[in-house]
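Accompanying notes for the structure given below.
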Amino acid sequence: MSDTTNDQQHNALMDYPCAFTIKTMGLAGSGFEEIALDIVQRHAPEVESSSIASKLSKTNKFVSLSITLTAKSKQQMDAIYQDLSDCEQVLMSL
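Residue numbering for the sequence shown follows the numbering used here, beginning at 3 and increasing consecutively.
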């Protein structure tokens, strides 16, 4: 399947702009929360720290973040996820 067809199918599933929550996980106490927020704000500067919900793992070793933003386009979301994937402090993003 071509990239154009995939893009068209993805765009058909989501109407932009829309509210979207990014979930990401990293090591607790490593500055991960600030790094993840900086990455998201590069592409969505309107996101504030109040838009983040965090939860520590049972062992307090990991922290998961839920960052809610207004997604404006597939390209914006792809860029955010790519930058999160490229970051060493980010263990996983959904």
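Backbone N, C-alpha and C fix where the C-beta goes; we use that ideal spot for every residue, glycine too.
With 16 other Cβ atoms within 10 Å as the buried cut-off, status of residue i
{"i": "residue 94", "result": "exposed"}
{"i": "residue 96", "result": "exposed"}
{"i": "residue 35", "result": "buried"}
Pick from the options that is closest to residue i, judged by C-alpha positions
{"i": "residue 69", "options": "26, 75, 44", "result": "26"}
{"i": "residue 19", "options": "89, 79, 58", "result": "79"}
Cβ-Cβ separation, residue j to residue i (assumed contact under 8 Å), whole Å
{"i": "residue 65", "j": "residue 28", "result": "6 Å"}
Span separating the alpha-carbon of residue i from that of residue j
{"i": "residue 17", "j": "residue 77", "result": "13 Å"}
{"i": "residue 83", "j": "residue 47", "result": "15 Å"}
{"i": "residue 15", "j": "residue 74", "result": "14 Å"}
{"i": "residue 91", "j": "residue 41", "result": "11 Å"}
{"i": "residue 52", "j": "residue 44", "result": "17 Å"}
{"i": "residue 86", "j": "residue 67", "result": "12 Å"}
Beta carbon of residue i nearer than 8 Å to that of residue j
{"i": "residue 21", "j": "residue 72", "result": "yes"}
{"i": "residue 60", "j": "residue 30", "result": "no"}
Chain D within 8 Å of residue i, Cβ atoms only
{"i": "residue 35", "result": "No chain D is part of this structure, which consists of one protein chain only."}
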